[in-house]
Structures are given as structure tokens and as C-alpha cells.
Amino acid sequence: MTKIIAFANQKGGVGKTTTAINIGASLAAIKKKVLLIDLDSQGNAGTGLGFVRASHRQSVYGVIMGTANAADNILSTAVQGMHIMPSTMALAGAEVDLLDIDNREYRLRDALKPILEHYDYVLLDCPPALGFLTLNALTTANFVIIPLQCEFYALEGINHLINSIKEIKNKWNPNLDILGVLLTMYDKRYALTRAVEEDVRNTFGDKVFKTVIPRNVRVSEAPSHGKPALFYDFNSAGAQAYLRVATEVVQKLEKEVL
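Throughout, my numbering is defined as the position within the sequence shown, counted from one, plus 24.
This is the structure we're talking about:
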């Protein structure tokens, strides 16, 4: 059965796209078939995998709006076994366009049904907002990964997000669960980082991934070269951390099945 994972946090700059790309590449490296869907109009997931936005017509926008089918809007990436459904600037208007459409909460879920059988994992890179696009991701997903930067307001923001996830689970998607909280841009030199980690682990227990993603220049450089960190510098601390997180993802999902 296809596992559908949304990467969500209403705060920007916490590493959602970087995490989605690198977990996707890590899963593809262990021979899983992966589809990454870019639900952010900035289109950073496509850029991070080497696509120039103006060079392709494919977009998740038409898929959500019902004017195009999913299969025609998927591109192969340089990572074997990993595909992407990119975004375009048209997606910036989706929040308004969805207001007057029937069944607006389930547009993405319904559009993806014909292609799910072709993938082991579908990864949904959400925009930094809790609007209709994120709602569509969370009504489609089985699981949520919450990337969390270790900073002062982290716990306040995550509690708001978790309450929203609970509401969506109750109203629209009873199959939705939080797979884990992932600490990103981790710098153990700072007392604040260590303090936030302690608070998050005390609050969420084993929902927090054991692996943390270090602040790492190679991870930051990789998108400008259109590559996941794994293929830009395999031996870098960031790439190795994402490989370990992907292993944890697989292990967590195996426990969910049992």
C-alpha cells in the first residue's frame, strides 16, 4: 500500500522542502518508488531537483483544479526511482480559486487515486500556511512529518499545528497520524538548541525522530546545484543524517502496519 506523507509546518524556513527532497532521495536510494508533490507556489522542490520553472508546463495546479490529470503532470528526476509533480506560479491563486469549488478539501486526494499504485511513497511538500493547499495535503496523507527548527517560538508554533492536525483528523481524514517531529538546522553549540530539543522530546516523546538534522553547509549548497544532499556530497553530515531519518521513517511505518 502506498504511504502518503505530508511535510507540514505553518512557519517558513524550517526545512520542509529540504527534508522532503532528501528523504525522498534517500528512499529512492533504497529502491523505493517515490513521487514528490510540490504544493508551494515558490516551486523550491522543483528547483532543488534541478528543474527550471519556465522549462516545463507540468504543474500540480491543474491537477487540483480538475483541468488536468495527475499522470500527465509528473516529471522524472535525475534521481532514479524519484518523480516530481512540480508547482508553477499559477498555484499562488489556488487558495482563492478553491473557495467556490465543491469538495474543495479532497481535490488532491481524488486526483491522485489513479496513480498511487505506481509508487511506494508519495511525499507532499506543503506551503508555510494552514490554507486550502495544506488542508488538501492533510486530507490526502496517511502521515505527517513536522520539521522543527530549534528556536524560541518552536513549541508554541508546533502546538498550534498539532491542534490543526487533530481537527483535520476529526473532521476530514480519520486515517491521518503524526509520524514524527524532526529537529532541523540543529547546532549543538548553542544552549537554546539543546533546551528546545529537551522540551520537544519531553513533550512528544518517541514521536520525535532520534536523528537530528545538523546545520550543514553542504545541505544548504545542494539545492543551488539542483541535487539532493545525498547526491551532492554523500559523506556530508547532512546527507548522512537524512539517510538515518529515512531509515527511521521506514521502521516507524513498519511498526504502524504491525
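Glycine included, each C-beta is placed from N, C-alpha and C at the ideal position.
Between I88, R218, P152, which lies nearest to D126 when the distance is taken from Cα to Cα?
Indexing the sequence shown from 1 puts residue 126 at position 102. Nearest C-alpha to D126: I88.
Return the CA-CA distance between L140 and C150, expressed in angstroms with no decimal places.
Position 116 of the sequence shown holds residue 140. Position 126 of the sequence shown holds residue 150. Annotation: L140 to C150 spans about 19 Å, alpha carbon to alpha carbon.
Put G90 into one of helix, strand or coil per three-state DSSP.
The count along the sequence shown starts at 1 and reaches residue 90 at position 66. Reduced to three states, the DSSP call for G90 is coil.
In the DSSP assignment, find the alpha helix (DSSP H) that holds A102 and state where it starts and stops.
To locate residue 102, count along the sequence shown from 1; it is residue 78. From DSSP, A102 is part of no alpha helix (DSSP H); its letter is neither H nor E.
Put A32 into one of helix, strand or coil per three-state DSSP.
Counting from one through the sequence shown, the residue named residue 32 turns up at place 8. Three-state result, A32: coil.
Short check: CB of Q173 to CB of T208, under 7 Å?
Walking along the sequence shown from the start, residue 173 turns up at place 149. Walking along the sequence shown from the start, residue 208 turns up at place 184. T208 is positioned such that its CB atom lies closer than 7 Å to that of Q173.
Only counting the same chain, and skipping five residues up and downstream in sequence, which positions put a Cβ closer than 6 Å to that of L136?
One-based indexing of the sequence shown puts residue 136 at position 112. Sequence-distant Cβ neighbours of L136 in its own chain, meaning closer than 6 Å and more than five residues away, are A94.
List, from N- to C-terminal side, the beta strand (DSSP E) runs of 3 residues or more that fit wholly inside the stretch 40 to 76.
You should have 58 to 62.
Count the other C-beta atoms from every protein chain shown that fall within 10 angstroms of the C-beta of A44, then say buried if there are 16 or more, exposed otherwise.
Taking the first residue of the sequence shown as position 1, residue 44 is located at position 20. Around the C-beta of A44, 16 or more other C-beta atoms lie within 10 Å, and the residue is accordingly described as buried.
Determine the burial state of Y143: buried for a count of at least 16 other Cβ atoms within 10 Å of its Cβ, exposed for fewer.
The residue labelled residue 143 in the question sits at position 119 within the sequence shown. Using a 10 angstroms sphere on the CB of Y143, the tally of other CB atoms reaches 16 or more, which defines it as buried.
Would you mind listing the beta strand (DSSP E) stretches within the stretch 100 to 180 that are 3+ residues and don't spill past its ends, in chain order?
If we require 3 residues or more, the beta strand (DSSP E) runs fully inside the stretch 100 to 180 come out as 106 to 109, 145 to 149, 167 to 173.
Answer with buried or exposed for D64, where buried requires no fewer than 16 other C-beta atoms within 10 angstroms of its C-beta.
In the sequence shown, counting from the first residue as 1, residue 64 sits at position 40. The residue is buried, with at least 16 neighbouring Cβ atoms inside 10 Å.
Strand pairing of A207, partner residues [DSSP]
Residue mapping note: residue 207 aligns to position 183 of the sequence shown, counting from 1. According to the sequence provided, residue 207 is Leu. The question's Ala does not apply to it. Within the DSSP secondary-structure output, L207 pairs in a beta bridge with L172.
Pop quiz: A102 and G74 are said to be a contact at Cβ under 8 Å. What is the actual Cβ separation, rounded to whole angstroms?
In the sequence shown, counting from the first residue as 1, residue 102 sits at position 78. In the sequence shown, counting from the first residue as 1, residue 74 sits at position 50. Cβ atoms of A102 and G74 come within 8 Å of each other, at about 6 Å.
Taking the alpha carbon of Y210 as the point to measure from, which residue in P252, L254, A261 has its own alpha carbon closest?
Within the sequence shown, residue 210 is the residue found at index 186, counting from 1. Answer by Cα proximity: A261.
With distances taken Cα to Cα, identify the nearest neighbour of V38 among A153, V58, D223, I189.
In the sequence shown, residue 38 corresponds to position 14, counting from 1. Minimum Cα distance to V38 is reached at A153.
What are the start and end residues of the alpha helix (DSSP H) that includes T227?
Here the question's residue 227 lines up with position 203 in the sequence shown. Bounds of the alpha helix (DSSP H) holding T227 are 215 to 228.
Could you name the residues of the same chain whose beta carbon sits closer than 8 Å to that of L267, not counting the 5 residues immediately before and after it, in chain order?
For the purposes of this step, residue 267 is identified with residue 243 of the sequence shown, where counting begins at 1. So the list reads S50, A53, L254, once near-sequence residues are dropped.
Which value, in whole angstroms, describes the spacing of the CA atoms of D96 and E191?
Stepping through the sequence shown from its first residue, residue 96 is reached at position 72. Stepping through the sequence shown from its first residue, residue 191 is reached at position 167. The alpha-carbon separation between D96 and E191 amounts to approximately 33 Å.
Taking the alpha helix (DSSP H) that A253 falls in, what are its first and last residues?
The count along the sequence shown starts at 1 and reaches residue 253 at position 229. 253 to 256 is the extent of the alpha helix (DSSP H) around A253.
What do you reckon, are the CB atoms on L159 and E129 nearer than 7 Å?
Counting from one through the sequence shown, the residue named residue 159 turns up at place 135. Counting from one through the sequence shown, the residue named residue 129 turns up at place 105. Yes, they are a contact pair.
What's the C-alpha gap between L109 and V269?
Counted from its first residue, the sequence shown places residue 109 at position 85. Counted from its first residue, the sequence shown places residue 269 at position 245. According to the sequence shown, residue 109 is Met rather than Leu. If I take the Cα positions, the gap works out to 23 Å.
Look up K27 in the DSSP assignment and give the residues it is bridged to.
Translated into positions along the sequence shown, residue 27 becomes position 3. In the DSSP output, where bridge partners are listed per residue, K27 has Y145.
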